[in-house]
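The numbering of the sequence shown is the numbering used here, which starts it at 98 and goes up by one.
Even for Gly, the Cβ is constructed at its ideal location relative to N, Cα and C.
Comments concern the structure below.
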Amino acid sequence: MSVPSVAIFGPHGFIGKEIVPTFVEALSKKEISSLKLLTRNPTSSVYNTARSRGASICPVAFSDRPALRRLLEGVDVVISCMGTSGNYKENKKELVDACAEAKVKIYLPSEWGTDHRQTHYHHPMFTSKQEHHSYAEKLGLKTIALYTGLIMETSFCKWLGFDTKDRTWNIVESGNRLVAMTSQKDLGPATLRTILLAYSTPEKCPSHIRIYSDNRSIRDYQAIFESESKEKLKLNCISLRDAETDYERIKASIPPNKLGPLINLLFADGTFDHTSNEREIINPGQHYFQWRSVDNYAKEVNGLPWENESPW
Numbered sequence: 098m099s100v101p102s103v104a105i106f107g108p109h110g111f112i113g114k115e116i117v118p119t120f121v122e123a124l125s126k127k128e129i130s131s132l133k134l135l136t137r138n139p140t141s142s143v144y145n146t147a148r149s150r151g152a153s154i155c156p157v158a159f160s161d162r163p164a165l166r167r168l169l170e171g172v173d174v175v176i177s178c179m180g181t182s183g184n185y186k187e188n189k190k191e192l193v194d195a196c197a198e199a200k201v202k203i204y205l206p207s208e209w210g211t212d213h214r215q216t217h218y219h220h221p222m223f224t225s226k227q228e229h230h231s232y233a234e235k236l237g238l239k240t241i242a243l244y245t246g247l248i249m250e251t252s253f254c255k256w257l258g259f260d261t262k263d264r265t266w267n268i269v270e271s272g273n274r275l276v277a278m279t280s281q282k283d284l285g286p287a288t289l290r291t292i293l294l295a296y297s298t299p300e301k302c303p304s305h306i307r308i309y310s311d312n313r314s315i316r317d318y319q320a321i322f323e324s325e326s327k328e329k330l331k332l333n334c335i336s337l338r339d340a341e342t343d344y345e346r347i348k349a350s351i352p353p354n355k356l357g358p359l360i361n362l363l364f365a366d367g368t369f370d371h372t373s374n375e376r377e378i379i380n381p382g383q384h385y386f387q388w389r390s391v392d393n394y395a396k397e398v399n400g401l402p403w404e405n406e407s408p409w
């Protein structure tokens, strides 16, 4: 059976640097036939390992459509890990147009977070992503959105209300809603299994895939960190009405490519609850890899995540 050729855009960004090692390993195991890493800085030493193991590191310029199309000729799967800065909207349209012209079969747009189909809150980023997905499908690409919920290793920080230093978690509502977390270490395996399924049996691979490494409530996560650290965390619950008022007050000052405090509202409305999910479709019975849990992460940080620093 043939295996796919893969191209990854944004290979050293927040998500890209987490998934690339899995695909380099897959190349070594011949689970994929070739791997192109498309970047604006192809000579960077960060790609030395990938290069030494057979990956092609290619310069990319989204303003040069013919060159972009040539880079994608012979590629079966394109994975976008591009961030949302700069000319992101224009660049992702150029990318998907080039994918269609080069007859790429499978396209994973840059999602890696909120399943924005599930919330009643409106945000320009959600609208842009939904329109982009529809546009890619209309061009004939098998388009797969991978929704991960929050990224486990960067979410329990002061920026999201989890103030470890002060031993206080500030949350909206009761903290009883389930909140999906996906570990950075599971991103690569989950993405690999998704594209291999889509390539081998596309009819079995949905266009929208919700996954998680852990899917419990904020109160459950609180108990896990308290058990590991032997420290008590104060839970400061803010009413939904007050949180919405605060968000509306500052919303205009938040860049359109940032969610900001809206994330905390999504905790409260159940958007991050991935009880309904596609984990068994891509990793049945954890056959291909073991999902990590918040318990695993709590042990790594001795129950005190980001106590004296922040990921953002």
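- The closest CA to that of Ser407, considering only Gly285, Tyr394, Asp392 and Phe253, is found on Phe253.
- Your pair Leu362 and Tyr218 checks out as a contact, with CB atoms roughly 6 Å apart and the cut at 8 Å.
- The same chain holds no residue with a CB closer than 6 Å to that of Ile347 once the five nearest residues on each side in sequence are set aside.
- For Ile176, the closest C-alpha among the options Pro163, Leu293, Leu359 and Arg389 is that of Leu293.
- Lys327 and Arg264 have their C-alpha atoms roughly 12 Å apart.
- Under the DSSP assignment, Asp311 falls in the beta strand (DSSP E) whose first and last residues are Asp311 to Ser314.
- Rounded to the nearest angstrom, the gap between the Cα atoms of Ile248 and Pro352 is 21 Å.
- With a threshold of 16 other beta carbon atoms within 10 Å, Tyr385 falls short and is exposed.
- Ile105 is bridged by DSSP to Leu134 and Ile176.
- Between Arg166 and Ala199, the gap from beta carbon to beta carbon is short of 7 Å.
- CA-CA distance, Ile203 to Ser99, rounds to 15 Å.
- For the set Gly272, Ser310, Leu332 and Asn354, the Cα lying nearest the Cα of Asn380 is the one of Ser310.
- By the neighbour-count definition (other C-beta atoms within 10 Å, threshold 16), Cys302 is a buried residue.
- According to the DSSP assignment, Thr279 belongs to no alpha helix (DSSP H) but to the beta strand (DSSP E) extending over Leu275 to Thr279.
- Note: Pro156 is bridge-paired with Thr136 in the DSSP secondary-structure output.
- For Arg389, no alpha helix (DSSP H) run applies, since DSSP gives it neither H nor E.
- Two segments are said to touch when three or more pairs of C-beta atoms, one from each, lie closer than 8 Å; by this definition the stretch 282-293 touches the stretch 240-247.
- In the DSSP assignment, Arg214 falls outside any beta strand (DSSP E) and carries neither an H nor an E.
- The straight-line gap separating the alpha-carbon atoms of Leu169 and Thr342 is approximately 47 Å.
- Put simply, the backbone Cα of Asn145 is about 13 Å away from that of Pro108.
- Beta bridge pairing from DSSP links Ala242 with His305.
- Per the coordinates, the alpha-carbon of Glu270 lies some 33 Å from the alpha-carbon of Gly110.
- In the same chain as Pro156, and ignoring 5 residues on each side of it, the C-beta atoms closer than 6 Å to its own belong to Pro139, in chain order.
- Cα atoms of Glu250 and Tyr394: separation of roughly 7 Å, rounded to the nearest angstrom.
- Taking the CA atoms as reference points, Glu228 sits about 36 Å from Pro402.
- Here Val174 really is in contact with Val103; their C-beta atoms are around 5 Å apart, less than 8 Å.
- With respect to the 7 Å criterion, Gly272 and Ile315 are classified as neighbours on the basis of their beta carbons.
- Scanning its chain for C-beta atoms nearer than 6 Å, with the 5 sequence neighbours on each side dropped, one finds around Leu330 the residues Arg264, Trp266, Gln319 and Glu323, in chain order.
- With respect to Met222, Phe106 sits apart: the two C-beta atoms are not nearer than 7 Å.
- Contact annotation, Asp283 with Trp388: C-beta distance approximately 6 Å; criterion of less than 8 Å satisfied.
- For Ile248, DSSP records a beta bridge to Thr279.
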